[in-house]
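For reference, the structure is listed below as structure tokens.
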Amino acid sequence: MSHLGRLAGLGLELPAVVPPVAAYVPAVRTGDLVFTSGQLPMVAGAMAHTGLVGGPVTAEQAKGLARTCALNALAAIDALVGLDSVVRVVKVVGFVASASGFTGQPGVVNGASELLGEVFGDAGQHARSAVGVAALPLDAPVEVELVVEVTP
0 MSHLGRLAGL GLELPAVVPP VAAYVPAVRT GDLVFTSGQL PMVAGAMAHT
50 GLVGGPVTAE QAKGLARTCA LNALAAIDAL VGLDSVVRVV KVVGFVASAS
100 GFTGQPGVVN GASELLGEVF GDAGQHARSA VGVAALPLDA PVEVELVVEV
150 TP
């Protein structure tokens with residue numbers, strides 16, 4: 000089954016690519032790799048939630064937002080090279096805007112990782128970093144970027 004078919008089977012469809020909020024592009028290909036810019040949890044042109052995780056945003060809410068970020072990253076990849084050209088997910092970097100004392104960043108970024116596993120199966124297993132930060136652009140709770148290998 001195609002990657003787009005798996006998405007549809009999950010009841011998901013790719014959103015429109017989120018327009019950049021500064022001087023960058025959503026995704027860049029070099030050789031057999033595609034790097035996405037950090038994707039925020041934007042839904043229909045608006046931030047799905049704002050604030051610090053472990054403060055007004057719960058870890059469970061943030062996990063869902065990380066899933067949204069990953070879906071936005073997949074949309075950027077699809078627009079650049081077509082999602083079905085993805086051979087494997089190589090790396091995920093997740094940034095979590097964290098309230099003082101919050102240490103659950105890995106659980107939050109699991110929202111992105113689990114979606115990638117559902118879409119790509121074994122090819123969705125990846126290296127990962129989950130980083131707590133003081134703030135993110137537009138007061139986003141989570142930001143996710145991907146590196147994927149694509150067919151030549």
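Every letter in the sequence shown is one number past the one before it in numbering that gives the first Met the number 0, and letter 67, counting from 1, is 66. No residue lacks a Cβ here, since even glycine has one placed at the ideal position from N, Cα and C.
According to the Cβ coordinates, are Q38 and V17 closer than 8 Å?
yes
DSSP three-state label for L145, please.
strand
Three-state class that DSSP yields for Q38 in the structure shown:
strand
Any idea if S112 is buried or exposed, counting beta-carbon neighbours within 10 angstroms, 16 or more meaning buried?
buried
For S84, does the three-state DSSP call read helix, strand or coil?
For S84, the three-state secondary structure derived from DSSP is helix.
Taking Cβ to Cβ, would you say V143 is nearer than 8 Å to V85?
Cβ atoms of V143 and V85: not closer than 8 Å.
Taking 8 Å as the threshold (C-beta atoms), are F101 and V52 in contact?
yes
Look up V91 in the DSSP assignment and give the residues it is bridged to.
DSSP, once it has assigned bridges, lists R127 and L145 as partnering V91.
CB of G103 within 8 Å of CB of A139, strictly
no
In whole angstroms, what separates the C-alpha of T150 from that of R66?
Approximately 25 Å, taken between the alpha carbons.
In chain order, what residues of the same chain lie with their CB nearer than 7 Å to the CB of Q60, ignoring the 5 residues before and after it?
H48
How many Å lie between M46 and P40 at the Cα?
6 Å
CB contact flag (T29, A72, <8 Å)
no
Assign V107 to one of three DSSP states: helix, strand, or coil.
helix
To the nearest angstrom, report how far apart L64 and V141 are at their CA atoms.
7 Å
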